[in-house]
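K.L.:
Residue numbers (my numbering): 3 to 505.
#1: Have a look at residue 321 and residue 329 and give me their C-alpha separation to the nearest angstrom.
#2: At what residues does the alpha helix (DSSP H) containing residue 89 begin and finish?
#3: Between the Cα of residue 242 and those of 166, 446, 153, 135, spot the shortest distance and give me the residue it belongs to.
#4: Return the chain-ordered ranges of every beta strand (DSSP E) run that is complete within the region 327–381 and spans a minimum of 3 residues.
#5: Rounded to a whole number of angstroms, what is the C-alpha to C-alpha distance between residue 207 and residue 410?
#6: Take the Cβ of residue 143 as the centre, count every other Cβ of all protein chains shown within 10 Å, and call the residue buried at 16 or more, exposed below.
#7: Could you tell me the alpha carbon to alpha carbon distance between residue 406 and residue 174, rounded to whole angstroms?
#8: Between which two residues does the beta strand (DSSP E) holding residue 430 run?
#9: For my contact list, residue 276 and residue 256 are in at a C-beta cut-off of 8 Å; report their separation, rounded to the angstrom.
#10: Could you tell me the distance, in whole angstroms, from the CA atom of residue 352 to the CA atom of residue 82?
#11: Specify the secondary structure class of residue 482 as computed by DSSP and reduced to three states.
#12: May I have the straight-line CA-CA distance separating residue 244 from residue 216, to the nearest angstrom?
#13: Tell me whether the beta-carbon of residue 200 lies closer than 8 Å to the beta-carbon of residue 193.
#14: What residues match up with residue 222 in a beta bridge as DSSP calls it?
#15: For the alpha helix (DSSP H) containing residue 415, name the first residue and the last one.
#16: In chain order, which continuous runs of the alpha helix (DSSP H) of length 4 or greater are located wholly inside the region 162–217?
#17: Tell whether a beta-carbon distance below 8 Å holds between residue 497 and residue 234.
#18: Does the beta-carbon of residue 283 have 16 or more other beta-carbons within 10 angstroms, so that it is buried, or is it exposed?
#19: Using C-beta distances below 8 Å, list every residue in its chain close to residue 318, excluding the 5 sequence neighbours before and after it, in chain order.
#20: Hey, is residue 350's beta-carbon within less than 8 Å of any beta-carbon in chain D?
#21: Can you list, in chain order, the residues of its chain with a C-beta nearer than 6 Å to that of residue 44? Leave out the 5 residues immediately preceding and following it.
#22: Taking residue 408 and residue 397 to be in contact with their CB atoms under 8 Å, please state how far apart those CB atoms are, rounded to whole angstroms.
#23: Inspect the CB distances between the region 260–267 and the region 290–305 and report whether three or more fall short of 8 Å.
#24: Under three-state DSSP, which class holds residue 227?
#25: Please return the same chain residues whose Cβ sits closer than 8 Å to the Cβ of residue 219, not counting the five positions on each side in sequence.
#26: As an exercise, report each continuous beta strand (DSSP E) stretch of at least 3 residues that is fully enclosed by the region 233–272, in chain order.
#27: In the DSSP assignment, find the unbroken alpha helix (DSSP H) run with residue 302 in it and report its ends.
Structure, rendered in structure tokens:
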């Protein structure tokens with residue numbers, strides 16, 4: 003199953019945003035198992051790049067002042083922590099002007115792609131492969147060393163190198179290749195249709211939940227399921243429940259097992275998305291089989307096959323150092339990936355939207371991407387290890403642009419944001435990470451109004467449950483739940499039970 007058809011030229015991961023109602027978008031989203039070829043949000047732009055860029059550079063400082071009066075409300079929302087927007091913060095004329103400038107920038111980069119970009123991603127791929135081979139050799143050899151100091155030192159070196167390889171595979175290679183950033187190369191396996199990364203989530207499921215849903219409906223509550231991952235409250239638009247008191251604990255669990263959360267994420271989304279489709283069972287069984295097959299392959303490779311091979315070749319000690327190194331490297335990769343993604347989406351000034359504007363234009367979409375994303379400052383190696391998602395703003399406005407260009411265009415994007423009085427959220431990793439934890443903690447506690455609303459809902463449910471009919475219905479439901487979740491399944495998370503049910 004592949005959610006995106008083959009692409010011969012560089013195209014955006016985001017479809018053209020047309021004027022659709024909520025009902026039309028909901029109906030459309032249920033047909034995304036095999037969607038038609040995605041189109042670039044930039045395809046209909048044809049401008050004289052060099053002339054437009056020169057003109058834009060001359061106008062950046064001179065035209066910024068004329069927008070300040072119309073942007074006062076937007077500036078106030080940016081100053082407040084955890085801002086929520088109910089509509090587009092800029093007039094249509096300004097968003098279209100911004101779109102024109104960004105489209106010109108995009109076309110200038112995409113028109114210049116060639117040997118340098120191809121050579122870069124091939125070097126990244128080679129680095130992933132060879133660093134993994136060396137790391138696994140070191141882990142196996144560590145079990146045979148006589149000295150405890152040598153064994154620990156070699157194990158640490160091997161585990162660190164394997165963690166590096168898995169992070170690079172996940173971030174700079176897998177994430178970007180599966181976004182279609184290198185489809186124009188027509189490489190046999192470095193393309194969005196054939197590449198599969200070293201985590202338990204199958205590529206097609208991730209491409210549906212991430213490439214389509216997240217990048218199209220970014221930060222729209224109820225549309226973008228990455229807002230809290232159905233687990234963590236990060237905005238007051240999400241109703242408070244008692245489980246939110248454990249936001250920080252749930253976040254720690256999510257971070258440690260982030261690849262597992264990503265893997266089951268699309269199952270959880272699709273169960274609702276295709277609820278009214280007559281092909282629900284076929285779709286969900288296809289997704290479930292793909293997920294369980296990928297889990298079996300990854301678990302067998304890291305936790306059974308490789309430790310067994312090392313044990314048979316070099317002894318029991320090598321089996322244990324290989325197994326422990328694999329476990330540690332996977333957890334390290336999970337923690338790093340989670341930290342980078344959350345720092346890119348849930349800092350103090352990351353804007354949340356209440357709904358999708360049915361009249362949203364490309365310019366409005368650009369603005370939503372900019373205000374809903376956060377950058378992280380760092381050196382070149384840091385940016386590579388984040389998959390250049392440290393340039394989250396640039397990635398969200400140009401998801402199919404090769405990530406190696408994000409650092410170069412960042413000053414131009416920032417100047418355009420300044421021109422239109424849009425916040426360009428950036429900061430050091432430590433600063434952004436503290437803001438993420440502060441946000442998660444903030445929304446773990448209800449406001450007085452939210453507490454009253456919760457108590458009212460509890461009181462209402464108590465009254466409703468007092469009727470005989472409701473009690474009988476609840477009893478039947480409880481009995482049914484016990485039957486379907488009996489045995490060992492009752493100890494599994496709900497989403498896992500839901501996945502197994504589709505088998």
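Beta carbons are placed, not taken as given, at the ideal position from N, Cα and C, and that holds for glycine.
P.N.:
Quick answer:
#1: Numbered from its first residue, the chain shown carries residue 321 at position 319. Numbered from its first residue, the chain shown carries residue 329 at position 327. Answer to the nearest angstrom: the Cα atoms are 12 Å apart.
#2: Stepping through the chain shown from its first residue, residue 89 is reached at position 87. Careful: residue 89 lies outside any alpha helix (DSSP H) and carries neither H nor E.
#3: To locate residue 242, count along the chain shown from 1; it is residue 240. Of 166, 446, 153, 135, the residue nearest in Cα terms is 446.
#4: 377–379
#5: Here the question's residue 207 lines up with position 205 in the chain shown. Here the question's residue 410 lines up with position 408 in the chain shown. Residue 207 and residue 410: Cα-Cα distance of roughly 31 Å.
#6: Here the question's residue 143 lines up with position 141 in the chain shown. Buried is the call here.
#7: The residue you call residue 406 lines up with position 404 of the chain shown. The residue you call residue 174 lines up with position 172 of the chain shown. The alpha-carbon atoms of residue 406 and residue 174 are separated by roughly 9 Å.
#8: Numbered from 1 along the chain shown, position 428 holds the residue referred to as residue 430. Residues 428–430.
#9: Walking along the chain shown from the start, residue 276 turns up at place 274. Walking along the chain shown from the start, residue 256 turns up at place 254. Contact doesn't hold; Cβ gap of about 25 Å is too wide.
#10: Numbered from 1 along the chain shown, position 350 holds the residue referred to as residue 352. Numbered from 1 along the chain shown, position 80 holds the residue referred to as residue 82. If you take the alpha carbons of residue 352 and residue 82, they lie about 11 Å apart.
#11: In the chain shown, residue 482 corresponds to position 480, counting from 1. Reliability fails at residue 482, whose pLDDT of 45 lies under 50, so the model's placement of it is uncertain and the value that follows must be treated cautiously. Helix.
#12: If you number the chain shown from 1, residue 244 lands on position 242. If you number the chain shown from 1, residue 216 lands on position 214. Residue 244 and residue 216: Cα-Cα distance of roughly 27 Å.
#13: Start at 1 with the first residue of the chain shown, and residue 200 comes out as number 198. Start at 1 with the first residue of the chain shown, and residue 193 comes out as number 191. Cβ atoms of residue 200 and residue 193: not closer than 8 Å.
#14: For this step, residue 222 is matched to residue 220 along the chain shown. Note: residue 222 sits in a beta bridge opposite 355.
#15: As a working mapping, residue 415 is identified with position 413 in the chain shown. Run containing residue 415: 408–421, per the alpha helix (DSSP H) assignment.
#16: 205–208
#17: In the chain shown, residue 497 corresponds to position 495, counting from 1. In the chain shown, residue 234 corresponds to position 232, counting from 1. In this structure, residue 234 does not lie closer than 8 Å to residue 497 by Cβ.
#18: What you label residue 283 is simply residue 281 of the chain shown in a count that begins at 1. Label assigned to residue 283: exposed.
#19: In the chain shown, the residue the question calls residue 318 occupies position 316. Taken in chain order, the residues that qualify are 145.
#20: Chain labels in this structure do not include chain D; a single protein chain is all it has.
#21: To locate residue 44, count along the chain shown from 1; it is residue 42. Since pLDDT at residue 44 reaches only 40, below the 50 mark, its modelled position is unreliable, and the value read off the structure follows with that caveat. If we look at residue 44 and ignore the five residues flanking it on each side, its Cβ neighbours are 105, 108.
#22: Taking the chain shown and counting its residues from 1, the one referred to as residue 408 is at position 406. Taking the chain shown and counting its residues from 1, the one referred to as residue 397 is at position 395. That belief holds up - the Cβ atoms of residue 408 and residue 397 are roughly 6 Å apart, short of 8 Å.
#23: yes
#24: Along the chain shown, one-based indexing puts residue 227 at 225. In this structure, residue 227 counts as coil in the three-state DSSP scheme.
#25: Residue numbering aside, residue 219 sits at position 217 when the chain shown is read from its first letter. Result list for residue 219: 225, 226, 358, in chain order.
#26: none
#27: Counting from one through the chain shown, the residue named residue 302 turns up at place 300. Per DSSP, residue 302 belongs to the alpha helix (DSSP H) from 282–302.
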